[in-house]
Every structure is written in C-alpha cells, then in structure tokens.
Amino acid sequence: MNLEVRAISEKHNVKIAIVDLTDGFKEIIKLQKTNPLATVALGRVVANTTLLSLSIKDGDKLNVNINGMGYGGKIIAEFEDNKFRGYVQFPNFDAQQIDTEKGAQSPLTQTVGTNGFMQVARYTQGNEPYVSRVELVTGEINIDFISYVQQSDQINTLLTSTVDLDENGNVNKLVGMLIQLLPNSREEDIDFIEEKIGSLDHLNKTLIATTNYEALIKDICDDAKILGSSENLEFACSCSNEKVIDSIRMLPKEEIDKIIEIGDAVEVTCDFCKKEYAVDVEEIKLMFN
1 MNLEVRAISE KHNVKIAIVD LTDGFKEIIK LQKTNPLATV ALGRVVANTT
51 LLSLSIKDGD KLNVNINGMG YGGKIIAEFE DNKFRGYVQF PNFDAQQIDT
101 EKGAQSPLTQ TVGTNGFMQV ARYTQGNEPY VSRVELVTGE INIDFISYVQ
151 QSDQINTLLT STVDLDENGN VNKLVGMLIQ LLPNSREEDI DFIEEKIGSL
201 DHLNKTLIAT TNYEALIKDI CDDAKILGSS ENLEFACSCS NEKVIDSIRM
251 LPKEEIDKII EIGDAVEVTC DFCKKEYAVD VEEIKLMFN
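Numbering (the UniProt record's numbering), first residue to last: 1 to 289.
And the structure:
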C-alpha cells in the first residue's frame, strides 16, 4: 500500500495527514540492502519527508539530507510529483559497533548520530532552491523533524513515523502522521491535541495497528473533514542519462582532460535506484569541442 489521507478540523484548528508508504519502501530497501537499524532510520526520513511535501505544488521538489556522523552515514530522501526515493550511505554497517551498555544512546540515535545537521532544500520551478539547516536534536529523526518545522516555519507541528519489522528484519509497514496547527489556533487546541494523542510511542503503535486511517483521524477530531485520499504515491527515481551528462559537464577541465586521455567510458551508479550509466569517451569529446 502507498496511500495518503489529508483532513482538516475547523473546530480544533488543525490539519492532519497520514501516509502509508509500505509498498514503495519495500522496493527501496530491496535496492539499498539495509540492515534493520538502517531500515528504520531511512524509513522515518522517507515518510517524514513525504509528509512535509504533501503541500508543495506539482513540479516542486523537497530534499532532506541528514548527516549526524552516525554509523549509517548520510541519509537522504526526496519527494517530487507524488514520487519518493531514499538513500543511506552505509546501509549495512556492522551493527556490532552499536554500544548496548546501560546509559548508552539508543541504537537508532547511534545509527543516525547527533553531531551534525538536518538540511532541507525546497525547489520551486524557475527559482533558486530555499535551503535551511538545523542541528540534530536526538538522532531519533521524529523529534528532529519536529524541531526543524518549528524553527524554520514557526508552526506548532507534531510529526511522527514508524517502521514495523518482522523477526527477520523485513518491512511489515511504514506509516507516518502529521498534525499541524492552523494560524488561528488557540491554546485550548494545543491542549486538546496533546490529550488526544498522548505519547508519540502510543500514536506510533496505533498507526501500526490500523489501516482505517480516515477513522483514526475522525477519532482524533470528530469534526474532521477528509480533503483527499489517494493511492498515487510511489517510489520512483528521477535519475537519467541526461542528468549524468550534466554532472560530467560540471567537472573541472583538468578532470575532463584526464578522462579523455585515459579513453575509458565514465561509469556512474545512481545512489538511489542503483541503475548503472556509462558515457562513452567519444560523447564526452563532443561535449567539449
């Protein structure tokens, strides 16, 4: 299932969105070959990026890059035109490196790290990207996304996602929820949502347990109006031969000269979908003649 549900409550001045990206994320994990910890980290970044992207216009793109110096390395997710993709730098790092002693950081925090940043780039058609960066707070990803939205957009937001794995580390489900207060919200709206939701852990367990997301939204806000429900979300990669050629054009002249001198084709593998590209040296010569 790849599904999004969006709703609004006028009584409580909030908008709510839920995404279930299970099917597409299984495709990503098959390509990335992640261990369970990297799977959870990447899943949360992909789901939360998608939730933040539901309000962007067609043709616009959102890119999230997390680099906390953890064992998983850089984690990147993108969303554009109802398509999502994700990448983790070290997908199958040695999990024995994780410190399990009492008082140590959680395994997920050690996977993501906290000595770094979360960078969000918003690309709108015909304009330079708007890029903002915040320091990581916990490395648990959900709190880091909440912190980003509150610092960058100054909007009271609850954002959470969770990955459910079976005993063999395979993905059962990837689901996430966004609850965002509207500009005319009141203090009692905040109190209402906090009382209804409880803890993030409880909310995540509820999201895993159900597939009737419209009912869950109405259970939170009984007046909620469903604005849309769609199964158009999908995993798809935006890489192309043209983009590979464009990246070659940006290389320094010294590197181009060296490529031509050696005479071998330039081989490139997409980090996201693992598709392999080869650009013949004759084609490269034509670019710079």
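Heads up, the beta-carbon is just placed ideally off N, CA and C, and yes, glycines get one too. Bear in mind that the values here come from a model prediction, so they are computed numbers and not experimental data.
Query	Result
Cβ neighbour criterion (16 or more within 10 Å) applied to Val131	exposed
Own chain, CB closer than 6 Å to Leu16, minus 5 neighbours either side, in chain order	The sequence given here has Ile at residue 16, not Leu. Once the five neighbours on either side are set aside, the close Cβ partners of Ile16 are Ala7, Ile179 and Ile217.
Buried versus exposed, by CB contacts within 10 Å (16 or more), Arg249	exposed
Coil, strand or helix - Asn184 by DSSP	coil
Contact between the segment 64–77 and the segment 90–97 (3+ Cβ pairs under 8 Å)	yes
Nearest-angstrom Cα separation, counted from Ile98 out to Ala236	32 Å
Which of helix, strand or coil DSSP assigns to Phe145	helix
C-alpha gap between Asn142 and Asn82, whole angstroms	21 Å
Rounded Cβ spacing between Thr34 and Lys173 (contact assumed at less than 8 Å)	Not a contact, Cβ separation roughly 16 Å.
For Val244, three-class secondary structure by DSSP	helix
C-alpha gap between Glu78 and Val279, whole angstroms	25 Å
Test item: CB-CB of Thr162 and Val175 under 8 Å	yes
Cross-strand partners of Ser161 (DSSP beta bridge)	Gly176
Alpha-carbon to alpha-carbon, Gln125 and Val268	27 Å
Gln97 - DSSP class collapsed to helix/strand/coil	helix
Contained beta strand (DSSP E) runs [length at least 3] in the segment 190–240, N- to C-terminal order	225–230
Exposure label - Met177; buried when at least 16 CB within 10 Å	buried
Environment of Glu140 [buried if 16+ CB atoms lie within 10 Å]	buried
Any chain C beta carbon closer than 8 Å to Asp94	Given the protein chain composition of this structure (a single chain), no chain C is represented.
For Leu203, the nearest candidate out of Glu261, Asp246 and Leu158 (CA to CA)	Leu158
Every unbroken beta strand (DSSP E) within the segment 33–99, with a cutoff of 3 residues, ordered by chain	61–67, 75–80 and 83–88
Neighbourhood of Ala224 by C-beta distance below 6 Å, restricted to the same chain and skipping five residues each side	Ala7, Ser9, Ile217 and Lys218
Under 8 Å between C-beta atoms of Leu62 and Val112	no
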